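Undergrad: One structure, pasted below without further comment.
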Amino acid sequence: MENTTTRRASFKKIGMGLAALFGVGTVSAIDKKSSKGIVNPKKEVIGEIVTDQNVPLFSGAVKHGNTLYIAGKGAHVEPFEIKAHTEIVLQELQKELERNGSSMEQVLKVNVYLADLADYKGMNEIFRGRFGKNPPVRTTVATYGGVPGKSLVEMDCIAAVD
Amino acid sequence: MENTTTRRASFKKIGMGLAALFGVGTVSAIDKKSSKGIVNPKKEVIGEIVTDQNVPLFSGAVKHGNTLYIAGKGAHVEPFEIKAHTEIVLQELQKELERNGSSMEQVLKVNVYLADLADYKGMNEIFRGRFGKNPPVRTTVATYGGVPGKSLVEMDCIAAVD
Amino acid sequence: MENTTTRRASFKKIGMGLAALFGVGTVSAIDKKSSKGIVNPKKEVIGEIVTDQNVPLFSGAVKHGNTLYIAGKGAHVEPFEIKAHTEIVLQELQKELERNGSSMEQVLKVNVYLADLADYKGMNEIFRGRFGKNPPVRTTVATYGGVPGKSLVEMDCIAAVD
Numbered sequence: 002m003e004n005t006t007t008r009r010a011s012f013k014k015i016g017m018g019l020a021a022l023f024g025v026g027t028v029s030a031i032d033k034k035s036s037k038g039i040v041n042p043k044k045e046v047i048g049e050i051v052t053d054q055n056v057p058l059f060s061g062a063v064k065h066g067n068t069l070y071i072a073g074k075g076a077h078v079e080p081f082e083i084k085a086h087t088e089i090v091l092q093e094l095q096k097e098l099e100r101n102g103s104s105m106e107q108v109l110k111v112n113v114y115l116a117d118l119a120d121y122k123g124m125n126e127i128f129r130g131r132f133g134k135n136p137p138v139r140t141t142v143a144t145y146g147g148v149p150g151k152s153l154v155e156m157d158c159i160a161a162v163d
Numbered sequence: 002m003e004n005t006t007t008r009r010a011s012f013k014k015i016g017m018g019l020a021a022l023f024g025v026g027t028v029s030a031i032d033k034k035s036s037k038g039i040v041n042p043k044k045e046v047i048g049e050i051v052t053d054q055n056v057p058l059f060s061g062a063v064k065h066g067n068t069l070y071i072a073g074k075g076a077h078v079e080p081f082e083i084k085a086h087t088e089i090v091l092q093e094l095q096k097e098l099e100r101n102g103s104s105m106e107q108v109l110k111v112n113v114y115l116a117d118l119a120d121y122k123g124m125n126e127i128f129r130g131r132f133g134k135n136p137p138v139r140t141t142v143a144t145y146g147g148v149p150g151k152s153l154v155e156m157d158c159i160a161a162v163d
Numbered sequence: 002m003e004n005t006t007t008r009r010a011s012f013k014k015i016g017m018g019l020a021a022l023f024g025v026g027t028v029s030a031i032d033k034k035s036s037k038g039i040v041n042p043k044k045e046v047i048g049e050i051v052t053d054q055n056v057p058l059f060s061g062a063v064k065h066g067n068t069l070y071i072a073g074k075g076a077h078v079e080p081f082e083i084k085a086h087t088e089i090v091l092q093e094l095q096k097e098l099e100r101n102g103s104s105m106e107q108v109l110k111v112n113v114y115l116a117d118l119a120d121y122k123g124m125n126e127i128f129r130g131r132f133g134k135n136p137p138v139r140t141t142v143a144t145y146g147g148v149p150g151k152s153l154v155e156m157d158c159i160a161a162v163d
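Chains as they are written, first to last, in the working numbering: chain A, 2 to 163; chain B, 2 to 163; chain C, 2 to 163.
Put into structure tokens, the structure is as follows:
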């Protein structure tokens with residue numbers, strides 16, 4: 002159940018819009034105190050830690066027992082079109098999930114934040130089927146101008162992990 | 002602790018606004034690999050699966066160990082008034098919870114997305130007391146024009162399940 | 002693993018904007034049925050219960066097994082400046098976490114709701130480093146005019162608890 006290897010994901014760009022705001026660290030910490038067992042799972046940071054001026058800001062993935070929390074992912078590159086951005090965001094989610102012992106099929110809950118609700122249908126066209134035949138629950142809202150960086154969509158998720 | 006019966010919730014309309022965008026499937030899948038035990042709970046899709054052009058889009062409810070995740074619920078019908086919509090959304094949440102072995106009293110966390118913050122007080126009037134005397138934590142934000150469909154309020158939740 | 006003492010947090014103001022809408026109760030309920038064990042953790046309301054016209058509205062903190070859910074916290078006081086408000090919100094989160102057997106270092110996931118995305122950088126300046134060297138995952142969106150009360154930022158979180 003526990004991850005026994007140290008994960009050191011490669012340097013990963015968060016996107017142009019955000020890269021201008023903070024750096025992305027390469028340190029990936031694992032709190033192995035969780036070896037105490039399932040009875041009392043400890044937080045494990047197993048994703049990249051994003052830093053702001055060399056100070057830890059947030060992690061890309063955090064594990065707690067059999068639950069994996071993934072940070073909000075955005076697409077901040079051309080073309081600024083919903084299908085392209087949805088594709089990028091889903092690929093970012095998938096990479097983060099697989100890097101940390103989970104998968105798209107094991108995602109439990111997804112939150113989708115659109116920049117514009119008019120992109121709802123276009124997002125769905127790329128989103129559907131991507132989490133297997135037993136998809137996660139989902140909540141979608143649009144936040145006009147509210148997605149950091151230049152992404153048309155941001156997604157985070159909670160997943161099961163073995 | 003595990004659900005031993007196959008749950009097949011009846012066909013349920015998600016609402017007029019969304020029904021126009023995608024169909025609602027009637028297949029309710031259960032991943033019974035979770036019988037391995039609590040040590041390593043698996044994701045179980047126990048709610049309706051909403052499809053888009055016959056491709057799975059998201060589920061109404063997903064169980065992971067003793068935690069139940071419920072998809073965002075909206076009200077998309079007349080009258081377009083916050084108290085009526087809050088009532089519909091709460092009833093949708095309750096149905097989804099009870100159909101999947103949980104209850105309003107076992108809800109741990111609720112997220113409320115209002116279309117307009119001016120509806121905060123009206124939403125509270127219907128919301129209060131609905132989750133028993135020991136209510137869940139709650140986070141409320143308004144997303145102007147950001148709730149999919151025509152609902153004035155959308156809510157999702159995470160609940161305990163036996 | 003279980004909390005064996007009854008927690009009765011002191012009366013805490015939620016903020017001027019919200020205080021006008023509802024009262025804050027002082028009853029802190031604990032569902033000790035969870036003594037059945039980890040196999041089947043029950044919901045435990047261990048934070049303050051916020052009431053609306055003497056009816057339970059939501060709780061400040063709810064525990065489920067080793068997971069602690071914290072309600073959305075806002076700052077609703079002068080000065081209306083993002084760094085001051087971020088500081089207040091982080092202190093509110095910290096107080097709620099520590100009062101309930103957790104800590105900033107054990108936070109797994111944070112959701113940040115800004116009133117204005119222009120405050121993203123200022124929020125980060127106060128946010129960074131506040132959750133230790135292994136920070137939680139984070140999702141940030143801005144909801145123009147969408148944060149209840151007069152807070153420039155609202156945050157909720159999910160944390161590990163011993």
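Heads up, the beta-carbon is just placed ideally off N, CA and C, and yes, glycines get one too.
The model shown is predicted, which means the values in this text are computed figures rather than measured ones.
Tell me the residue span of the beta strand (DSSP E) that contains L69/B.
TA: The residue given as residue 69/B occupies position 68 in the second sequence. Its beta strand (DSSP E) spans residues 68-75.
Undergrad: Taking 6 Å as the limit between beta carbons, can you name the residues of its chain near Q107/C, skipping five residues before and five after?
TA: Sequence index remark: in the third sequence, residue 107/C carries index 106 (1-based). Cβ within range, chain order: A160, A161.
Undergrad: Which residues in chain B sit within 7 Å of G130/A, going by Cβ to Cβ distance?
TA: Here the question's residue 130/A lines up with position 129 in the first sequence. The answer, in chain order, is V56, P57.
Undergrad: Please classify F81/B as buried or exposed, where buried requires at least 16 other C-beta atoms within 10 Å of its C-beta.
TA: The residue you call residue 81/B lines up with position 80 of the second sequence. F81/B is exposed by the Cβ-count criterion.
Undergrad: Any beta carbon from chain A within less than 8 Å of T87/B's own beta carbon?
TA: Residue numbering aside, residue 87/B sits at position 86 when the second sequence is read from its first letter. For T87/B, the answer is no, since every Cβ of chain A falls outside 8 Å of its Cβ.
Undergrad: So, with DSSP's three-state summary, where would you put K110/A?
TA: Sequence index remark: in the first sequence, residue 110/A carries index 109 (1-based). K110/A falls in the strand class under three-state DSSP.
Undergrad: Starting from the Cα of N67/C, find the closest Cα among K44/A, D53/A, H86/A and give me that residue.
TA: Working through the third sequence from its first residue, we reach residue 67/C at position 66. Measuring from the Cα of N67/C, the nearest candidate turns out to be K44/A.
Undergrad: What did DSSP end up calling F128/A once you bin it into helix, strand or coil?
TA: Counting from 1 along the first sequence, the entry for residue 128/A is found at position 127. In the structure shown, F128/A sits in a helix (DSSP, three-state: H, G or I).
Undergrad: Nearest to T141/B by CA position, among P136/C, R139/C, M156/C, is which residue?
TA: As a first step, residue 141/B is located in the second sequence; it is residue number 140 there, counting from the start. Looking at the Cα atoms, M156/C is the closest of the given residues.
Undergrad: Assuming G61/A contacts A76/A under a Cβ cut-off of 8 Å, what Cβ separation, rounded to an integer in Å, is found between them?
TA: In the first sequence, the residue the question calls residue 61/A occupies position 60. In the first sequence, the residue the question calls residue 76/A occupies position 75. Between A76/A and G61/A the Cβ distance is about 15 Å, and since that is not below 8 Å, they are no contact.
Undergrad: Straight-line CA distance for I89/C to R100/C?
TA: The residue you call residue 89/C lines up with position 88 of the third sequence. The residue you call residue 100/C lines up with position 99 of the third sequence. Rounded to whole angstroms, I89/C to R100/C spans 16 Å at the Cα level.
Undergrad: Find the residues of chain F that neighbour D163/B, judging by a C-beta separation of less than 8 Å, and give them in chain order.
TA: Checking the listed chains, one finds no chain F in this structure; the protein chains it contains are A, B and C.
Undergrad: How far does the beta strand (DSSP E) with I47/B in it extend, from its first residue to its last?
TA: Position 46 of the second sequence holds residue 47/B. Neither: I47/B is in no beta strand (DSSP E) and is coded neither H nor E.
Undergrad: Quick one: using the 10 Å Cβ neighbour count with 16 as the cut-off for buried, is A116/A buried or exposed?
TA: The residue you call residue 116/A lines up with position 115 of the first sequence. It is buried - the Cβ of A116/A has at least 16 other Cβ atoms within 10 Å.
Undergrad: Please identify, using Cβ separations under 8 Å, the residues of the segment 117-142 of chain C that lie next to chain A, in order along the chain.
TA: Under the 8 Å Cβ criterion, the segment 117-142 of chain C contributes L118, Y121, K122, N125, E126, F128, R129, G130, F132, G133, K134, N135, P136, P137, V138, R139, T140, T141, V142.
Undergrad: From the beta carbon of Y145/B, is the nearest beta carbon of chain C less than 8 Å away?
TA: By 1-based counting over the second sequence, the position of residue 145/B is 144. Yes, Y145/B counts as interfacial toward chain C.
Undergrad: Interface residues of chain C around F99/A at Cβ under 8 Å?
TA: On the first sequence, residue 99/A is found 98 positions in, with the first residue counted as 1. Looking at the sequence shown, residue 99/A is not Phe but Glu. The contacting residues do not exist; E99/A stays about 16 Å from chain C at best.
Undergrad: Does any residue of chain A bring its CB to less than 8 Å from the CB of G61/B?
TA: One-based indexing of the second sequence puts residue 61/B at position 60. Closer than 8 Å: yes.
Undergrad: Taking 8 Å as the CB-CB limit, is G66/A close to chain C?
TA: Counted from its first residue, the first sequence places residue 66/A at position 65. Interface residue, yes.
Undergrad: Using the three-state DSSP reduction, which class does L115/A fall into: helix, strand or coil?
TA: The residue labelled residue 115/A in the question sits at position 114 within the first sequence. Three-state DSSP puts L115/A in a strand.
Undergrad: Measure the CB-CB distance between R129/C and V111/C and report whether it falls below 8 Å.
TA: Within the third sequence, residue 129/C is the residue found at index 128, counting from 1. Within the third sequence, residue 111/C is the residue found at index 110, counting from 1. No, the pair does not count as a contact, with Cβ atoms beyond the cut-off.
Undergrad: Contact criterion: CB-CB distance below 8 Å. Does L69/A meet it with respect to chain B?
TA: In the first sequence, residue 69/A corresponds to position 68, counting from 1. Chain B contact via Cβ: absent.
Undergrad: Tell me which residue opens and which closes the alpha helix (DSSP H) that T87/B is part of.
TA: Translated into the one-based positions of the second sequence, residue 87/B becomes position 86. 83-100 is the extent of the alpha helix (DSSP H) around T87/B.
Undergrad: Within 10 angstroms of its Cβ, does V51/A collect 16 or more other Cβ (buried), or is it exposed?
TA: Here the question's residue 51/A lines up with position 50 in the first sequence. V51/A should be labelled buried.
Undergrad: Tell me whether K64/C sits in a helix, a strand or coil according to DSSP, three-state version.
TA: One-based indexing of the third sequence puts residue 64/C at position 63. If DSSP states are grouped into helix, strand and coil, K64/C belongs with the strands.
Undergrad: Under a Cβ-count criterion, where at least 16 other Cβ atoms within 10 Å of its own Cβ denotes burial, should G48/A be classed as buried or exposed?
TA: Residue 48/A sits at position 47 when you count from the first residue of the first sequence. Classification of G48/A: buried, given that the 10 Å Cβ count is 16 or more.
Undergrad: I need the straight-line Cα distance from L69/C to H86/B, nearest angstrom please.
TA: Locating residue 69/C in the third sequence gives position 68, counting from the first residue. Locating residue 86/B in the second sequence gives position 85, counting from the first residue. Approximately 30 Å between the Cα atoms of the pair.
Undergrad: Roughly how many angstroms lie between the CA atoms of P149/A and L109/A, to the nearest whole one?
TA: Taking the first residue of the first sequence as position 1, residue 149/A is located at position 148. Taking the first residue of the first sequence as position 1, residue 109/A is located at position 108. So the two alpha carbons sit approximately 24 Å from each other.
Undergrad: Quick check on E79/A: buried or exposed, where buried means 16 or more other Cβ atoms within 10 Å of its Cβ?
TA: What you label residue 79/A is simply residue 78 of the first sequence in a count that begins at 1. E79/A comes out exposed.
Undergrad: My output table needs one value for D163/A: the three-state DSSP class, helix, strand or coil.
TA: Counted from its first residue, the first sequence places residue 163/A at position 162. Residue state, collapsed to three classes: coil.
Undergrad: If you draw a straight line from the C-alpha of Y114/C to the C-alpha of Y145/C, how long is it?
TA: Reading the third sequence from its first residue, position 113 is the one you call residue 114/C. Reading the third sequence from its first residue, position 144 is the one you call residue 145/C. Roughly 10 Å between the two C-alpha positions.
Undergrad: Return the chain-ordered list of same chain residues with a C-beta closer than 6 Å to the C-beta of L91/B, the five sequence neighbours on each side being excluded.
TA: Mapped onto the second sequence, residue 91/B falls at position 90. Excluding residues within five positions, the ones whose Cβ falls inside 6 Å are R131.
Undergrad: Taking Cβ positions only, does K43/C come closer than 8 Å to chain B?
TA: Taking the first residue of the third sequence as position 1, residue 43/C is located at position 42. It does: the Cβ of K43/C has a partner Cβ on chain B nearer than 8 Å.
Undergrad: Would Q107/C pass as an interface residue toward chain A - the criterion being a Cβ-Cβ separation below 8 Å?
TA: Numbered from its first residue, the third sequence carries residue 107/C at position 106. Yes, Q107/C counts as interfacial toward chain A.
Undergrad: For V90/A, decide whether its Cβ has a neighbour in chain C, counting only Cβ atoms nearer than 8 Å.
TA: One-based indexing of the first sequence puts residue 90/A at position 89. Answer no: the Cβ-Cβ gap between V90/A and chain C never drops below 8 Å.
Undergrad: Taking V142/A as part of the beta strand (DSSP E), name the residues at either end of that continuous run.
TA: Mapped onto the first sequence, residue 142/A falls at position 141. From DSSP, the beta strand (DSSP E) with V142/A extends over 138-143.
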